[in-house]
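Colleague: Structure in structure tokens, see below.
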Amino acid sequence: MTKARKIKDGIKQGFIYLASSITFIILLSIFAFIFITGKDTLSIDMIRNNYWSENYLVSVPDKQVSFTLERDLKATEAFSERYGVVFEDYIDFENQSQLRVSGLSKGSLFLASKDLSIGDNTDDILKIEVGSQIEKLEVVNKDGSIEKFGMIYNTSASELAKSLDAAASIKSVYFISQGGGIWGSLIATLKLIGISLLIALPLGIFTAIYLNEIAKKNKLTKAMESSIELLAGVPSIIFGLMGVIVLYPITTLFNIDGLSIFLGGLTMAVVLLPVVIRSVTESLKTVPNGLRMASLSLGASKSQTIFKIILPSAISGILSAVLLAISRIIGESAALIYTMGTFINDSPKLSEGATSLAVHIWSLMSQEQPNFELASAISIIILAMVLVLNISVKLISKRLDRKLGY
Amino acid sequence: MNYQKRKKLIDVFFQGLFALAAMISASMIVFIVIFIVVKGVSVFLPNYTNPISLFKFLGGLTWRPDQGLYGVLFIVINTLISAFIAILLAFPIAVLTALYIAKIAPKSISKILTTVIELLAAIPSVVYGVFAVGVIVKGVDNLAQIFNYSTFGGRSLLAVAILLAIMILPTMTSLSIVAIKSVKKELIHASLALGASEVQTNFKVVLPAAKSGIFSGLTLGLARAFGEATAVSMVAGNRSIGPTLNPFNITRTLTSTMLSGLNETTGLDYDVRYSVGIVLMLTIIISNIVISYVKKRVGSEV
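Chains as they are written, first to last, in our numbering: chain C, 248 to 653; chain E, 7 to 308.
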């Protein structure tokens with residue numbers, strides 16, 4: 248080999264290494280960015296909370312007791328011994344300073360607070376939970392005078408804790424419950440998965456069976472196969488358009504008006520069809536022909552053979568179809584924006600619009616001040632689910648291969 | 007009814023059920039096309055409440071729903087430009103990575119990289135969108151400052167192109183891997199036996215032989231680039247007059263147009279999205295035809 252050849256080869260080889268490392272770095276930086284931005288927001292509370300915060304006015308009972316705190320205080324926190332509450336100054340994602348409850352002692356008086364708003368719920372217990380923002384807190388001093396604190400009055404955490412300890416009683420607390428949770432979207436996602444699978448699985452499995460087991464190999468079958476292939480290449484936003492005009496009439500049969508989880512589920516069922524059909528077809532093809540012949544020659548009918556012999560042998564393909572379908576639903580956004588809307592719903596019903604986790608992210612990101620931390624935290628959850636599902640599919644297909652002796 | 011008769015009846019019932027399911031599945035694509043075309047064309051017809059002219063729609067360079075101006079031509083051009091830049095960025099990386107995975111890398115590294123590609127393919131597009139708004143957009147903004155150009159917070163044609171490049175990378179890579187792996191061993195051995203170096207063989211024998219598979223990866227990648235909606239909408243910035251060739255300027259793609267300002271589900275502003283949808287499908291189909299034409303020309307000397 249000449250020297251010039253060697254140098255040329257070296258340069259080309261260098262490009263190959265460069266390209267491969269770029270691919271690797273891209274994945275790494277996506278994961279790193281999402282994880283670093285979202286990790287502080289990700290918590291059980293965030294998963295279990297509602298997204299929308301609500302305003303409450305409550306009274307706090309009086310008892311002359313003293314509380315202790317089992318943990319150490321941060322520099323921005325202050326503890327009121329008399330009420331057993333930790334207050335914290337913090338900066339929210341919109342860069343505004345807030346005052347919130349960041350911890351409660353066991354049996355804290357704040358957990359026994361009662362609703363002051365006039366209506367059916369007056370005097371019901373309405374706990375001031377960790378994460379609540381204290382907007383306005385009226386304190387009765389020992390000399391009977393009333394003093395006001397809270398975010399409206401720019402009170403700091405330490406001031407508030409000190410004056411609470413010195414006070415005679417609390418007249419009222421006006422607070423905003425902690426929002427920013429994803430519970431509603433999580434439930435909506437689960438409902439969406441349920442409906443989509445309920446429709447897509449039978450339809451997809453039956454189609455795969457028809458095309459592989461029953462249909463004659465003629466032009467019509469070929470045309471059907473290629474039209475299903477075409478479906479796989481349609482961009483998801485087009486499925487969204489389709490859902491609104493083709494499937495919406497079906498939802499009106501169930502007295503559903505407007506965008507709904509049900510409509511989203513129907514649309515996703517269509518999106519999933521090619522996924523399910525392809526995966527089931529692949530596993531049907533691995534069922535040995537001898538099994539079919541044996542069953543038929545024993546006098547079983549075609550449908551008996553399908554249900555009792557072929558489907559049980561193809562179970563792993565059906566399972567991986569389910570997992571792939573779930574991962575597709577979790578990741579889907581464009582089609583659902585059209586069919587389920589972008590309003591985050593804290594108590595989603597089938598007949599109402601709601602957001603799946605992915606659309607929740609879209610909703611957050613299309614606000615003027617995108618809540619990046621929350622969006623990234625949801626992204627971590629979505630990524631974790633999708634990766635687990637994909638790895639399981641891989642393991643299942645590996646097992647299938649082993650069973651077939653590849 | 008005796009057992010045999012009942013068995014036969016059940017059999018007929020189920021076979022009919024299977025056939026029905028298959029008919030429904032296969033006709034879905036027909037429904038999609040017909041309904042979207044009908045609704046998309048309806049806004050140009052005279053019996054629509056306030057119809058827009060088809061000519062102004064296809065030839066227009068302004069998209070201002072508030073002024074009743076719906077011109078899709080510049081959007082098509084901008085979509086093509088962003089997809090083209092994305093292909094330009096992603097194609098070499100995808101093919102070289104595939105070459106490395108399929109031919110050069112030791113087995114362990116090849117396994118790791120294959121997993122990397124699979125993971126990239128599995129990441130949902132909203133997550134790419136969050137990454138793009140957090141990282142790509144800022145990077146583009148910094149880059150623009152080097153050239154003394156101010157951007158709209160980094161939302162730009164270049165940001166869209168980089169994002170799309172990343173998103174189509176796994177599709178193109180995995181198809182290229184399959185294509186490269188299926189190149190016949192005899193070809194490679196013959197090339198090596200004639201005295202070509204391994205690198206020469208890879209570039210001059212393996213890649214041309216894998217051409218067909220690599221191009222089908224390109225086709226799929228391009229279709230994904232055109233059809234990608236949510237992530238692109240987050241970084242496009244939705245320009246209203248175009249087309250723009252400046253990579254640091256905001257842009258507008260067909261999909262970002264379909265997603266922007268989605269409030270009501272009736273009226274011209276909503277129905278015209280179906281017309282844009284038709285244009286999107288046509289763009290994908292035409293680009294597929296162009297690629298298959300290019301495929302025939304490129305490397306035909308081999």
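Every residue gets a Cβ at the ideal spot worked out from N, C-alpha and C, and that includes glycine.
(1) Do E/ILE220 and E/LEU213 have their C-beta atoms within less than 9 Å of each other?
(2) On a CA-only basis, which of E/LEU125, E/LYS301 and E/LEU200 is nearest C/ILE277? Give me that one, please.
(3) 9 Å is my cut-off, CB to CB: does C/ILE263 come that close to chain E?
(4) Are any of the Cβ atoms in chain C nearer than 9 Å to that of E/VAL136?
(5) Quick check: the Cα distance between C/LYS486 and C/GLY511, rounded to an integer number of angstroms?
(6) Taking 9 Å as the CB-CB limit, is C/LYS389 close to chain E?
(7) Which partner residues of C/ASN302 appear in the DSSP bridge assignment?
(8) Report back the beta-carbon spacing between E/THR177 and E/GLY223 to the nearest angstrom; my notes put them in contact at under 8 Å.
(9) Below 8 Å on C-beta distance, what does E/ASP17 contact in chain C?
(10) Under three-state DSSP, which class holds E/TYR134?
(11) Looking at C/SER474 and E/ILE42, is the spacing between their C-beta atoms short of 9 Å?
(12) With DSSP collapsed to three states, give me the class of E/GLY230.
(13) Short of 8 Å Cβ to Cβ, which residues in the segment 244 to 267 of chain E face chain C?
(14) Between C/VAL527 and E/TYR299, what straight-line distance do the alpha-carbon atoms span, to the nearest angstrom?
(15) Based on the DSSP secondary-structure assignment, which residues constitute the bridge partners of C/PHE334?
(16) Counting only runs of 4+ residues fully inside the segment 585 to 622 of chain C, write out the alpha helix (DSSP H) ranges in chain order.
(17) Given that C/GLN260 touches chain E, what residues does it touch there, using C-beta distances under 7 Å?
(18) Looking at the unbroken alpha helix (DSSP H) that takes in E/VAL44, where does it start and where does it end?
(19) Closest Cβ-Cβ distance between E/THR179 and chain C: below 9 Å?
(20) Taking the alpha-carbon positions, what's the C/ILE553 to E/ILE291 distance?
(21) On the DSSP bridge list, what partners appear for C/ASP380?
(22) Contact check, E/ALA231 vs E/VAL189 under 8 Å by CB: the rounded distance?
(23) Let me see if you follow: with CB-CB separation under 9 Å, is C/GLY354 close to chain E or not?
(24) Would you kindly work out how many angstroms separate the C-alpha atoms of C/VAL386 and C/GLU328, rounded to a whole number?
(25) Just reading off the beta strand (DSSP E) that C/GLU394 is part of, what are its end residues?
(26) Give a single yes or no on whether C/LYS438 has its beta carbon closer than 8 Å to a heavy atom of the ligand GTP.
(27) Ignore the nearest five residues each way along the sequence and tell me which others in E/GLU307's own chain have a CB closer than 7 Å to its CB.
(28) Using a Cβ-Cβ cut-off of 6 Å (strictly less than) and excluding sequence neighbours within five positions of C/SER405, which residues of its own chain qualify?
(29) State buried or exposed for E/ASN154, treating a residue as buried only when at least 16 other CB atoms are found within 10 Å of its CB.
(30) Going by beta carbon distance, what residues of the same chain come within less than 6 Å of C/ILE381, once the five residues before and after it are set aside?
(31) Can you pull out the residues from the segment 523 to 535 of chain C whose beta carbon lies closer than 7 Å to at least one beta carbon of chain E?
(32) Which ranges does the beta strand (DSSP E) cover as unbroken runs of at least 3 residues, wholly within the segment 204 to 290 of chain E, from first to last along the chain?
(33) Just to check my reading of the structure: E/SER88 and E/LEU170 have Cβ atoms closer than 8 Å, yes? What is that Cβ distance to the nearest angstrom?
(34) Using beta-carbon positions only, say whether E/LEU260 and E/ILE81 come within less than 9 Å of one another.
(35) At a Cβ threshold of 9 Å, is E/PHE232 touching chain C?
(36) Identify the contact partners of E/VAL166 in chain C, using a Cβ-Cβ distance below 7 Å as the criterion.
Modeller: Looking at the atomic coordinates:
(1) Here residue 220 of chain E refers to the residue found at position 214 when the second sequence is read from its first residue. Here residue 213 of chain E refers to the residue found at position 207 when the second sequence is read from its first residue. Contact: yes.
(2) Mapped onto the first sequence, residue 277 of chain C falls at position 30. The residue with the shortest Cα to Cα distance from C/ILE277 is E/LEU125.
(3) Locating residue 263 of chain C in the first sequence gives position 16, where the first residue counts as 1. So, interface residue.
(4) For the purposes of this step, residue 136 of chain E is taken as the residue at position 130 of the second sequence. Judged by the 9 Å Cβ criterion, E/VAL136 is in contact with chain C.
(5) Position 239 of the first sequence holds residue 486 of chain C. Position 264 of the first sequence holds residue 511 of chain C. In the sequence as presented, Lys is not what sits at residue 486 of chain C; that position holds Phe. Taking the straight line from one Cα to the other gives about 10 Å.
(6) In the first sequence, the residue the question calls residue 389 of chain C occupies position 142. Cβ-Cβ to chain E under 9 Å: no for C/LYS389.
(7) The count along the first sequence starts at 1 and reaches residue 302 of chain C at position 55. C/ASN302 pairs with C/ILE423.
(8) Residue 177 of chain E sits at position 171 when you count from the first residue of the second sequence. Residue 223 of chain E sits at position 217 when you count from the first residue of the second sequence. Contact holds; Cβ gap of about 6 Å.
(9) Working through the second sequence from its first residue, we reach residue 17 of chain E at position 11. For E/ASP17, the neighbours in chain C by C-beta distance under 8 Å run, in chain order, SER548, LYS549, SER550 and GLN551.
(10) As a position in the second sequence, residue 134 of chain E is number 128, starting the count at 1. Helix.
(11) Within the second sequence, residue 42 of chain E is the residue found at index 36, counting from 1. Within the first sequence, residue 474 of chain C is the residue found at index 227, counting from 1. Contact: no.
(12) On the second sequence, residue 230 of chain E is found 224 positions in, with the first residue counted as 1. According to the sequence as given, residue 230 of chain E is Arg; it is not Gly. Correct three-state label for E/ARG230: helix.
(13) Here the close residues are THR261, MET264 and LEU265.
(14) If you number the first sequence from 1, residue 527 of chain C lands on position 280. If you number the second sequence from 1, residue 299 of chain E lands on position 293. C-alpha separation (whole angstroms): 34 Å.
(15) Numbered from 1 along the first sequence, position 87 holds the residue referred to as residue 334 of chain C. Answer is C/ALA325 and C/VAL348, bridged to C/PHE334.
(16) 604 to 612
(17) Here the question's residue 260 of chain C lines up with position 13 in the first sequence. Per Cβ cutoff of 7 Å: VAL205.
(18) Position 38 of the second sequence holds residue 44 of chain E. It spans 9 to 48 - the alpha helix (DSSP H) in which E/VAL44 sits, taken as one unbroken run.
(19) Here residue 179 of chain E refers to the residue found at position 173 when the second sequence is read from its first residue. E/THR179 counts as touching chain C.
(20) Here the question's residue 553 of chain C lines up with position 306 in the first sequence. Here the question's residue 291 of chain E lines up with position 285 in the second sequence. Roughly 38 Å separates the two Cα atoms.
(21) Position 133 of the first sequence, counted from the start, is the residue given in the question as residue 380 of chain C. What sits at residue 380 of chain C in the sequence shown is Gln, not Asp. DSSP output for C/GLN380 lists C/ARG347 and C/ILE423 as bridge partner(s).
(22) Counting from one through the second sequence, the residue named residue 231 of chain E turns up at place 225. Counting from one through the second sequence, the residue named residue 189 of chain E turns up at place 183. Incorrect: roughly 27 Å between the Cβ atoms, too far for contact.
(23) Residue numbering aside, residue 354 of chain C sits at position 107 when the first sequence is read from its first letter. So, not an interface residue.
(24) Residue numbering aside, residue 386 of chain C sits at position 139 when the first sequence is read from its first letter. Residue numbering aside, residue 328 of chain C sits at position 81 when the first sequence is read from its first letter. So the alpha carbons of these two residues sit roughly 15 Å apart.
(25) Here residue 394 of chain C refers to the residue found at position 147 of the first sequence. Residues 393 to 396.
(26) Looking for the ligand GTP in the displayed structure turns up nothing, as the structure carries no ligands at all.
(27) Working through the second sequence from its first residue, we reach residue 307 of chain E at position 301. Low confidence applies to E/GLU307: its pLDDT is 47, below 50, so where it sits in the model is not reliable, and the reading given next is rough at best. Taken in chain order, the list of residues that qualify is empty.
(28) As a first step, residue 405 of chain C must be located in the first sequence, where it is residue number 158. Result list for C/SER405: ALA325, in chain order.
(29) The count along the second sequence starts at 1 and reaches residue 154 of chain E at position 148. Classification for E/ASN154: exposed.
(30) Taking the first residue of the first sequence as position 1, residue 381 of chain C is located at position 134. Taken in chain order, the residues that qualify are LEU346, GLY397 and PHE422.
(31) ILE524
(32) none
(33) Working through the second sequence from its first residue, we reach residue 88 of chain E at position 82. Working through the second sequence from its first residue, we reach residue 170 of chain E at position 164. Yes, they are in contact, since the Cβ atoms of E/SER88 and E/LEU170 sit about 6 Å apart, within 8 Å.
(34) Taking the first residue of the second sequence as 1, we reach residue 260 of chain E at position 254. Taking the first residue of the second sequence as 1, we reach residue 81 of chain E at position 75. It is a contact, given that the beta carbons lie within the stated cut-off.
(35) If you number the second sequence from 1, residue 232 of chain E lands on position 226. Taking Cβ atoms only, chain C reaches closer than 9 Å to E/PHE232, which makes this a yes.
(36) Within the second sequence, numbered from 1, the residue matching residue 166 of chain E stands at position 160. Within chain C, no residue has its CB atom less than 7 Å from the CB of E/VAL166, the nearest being about 15 Å off.
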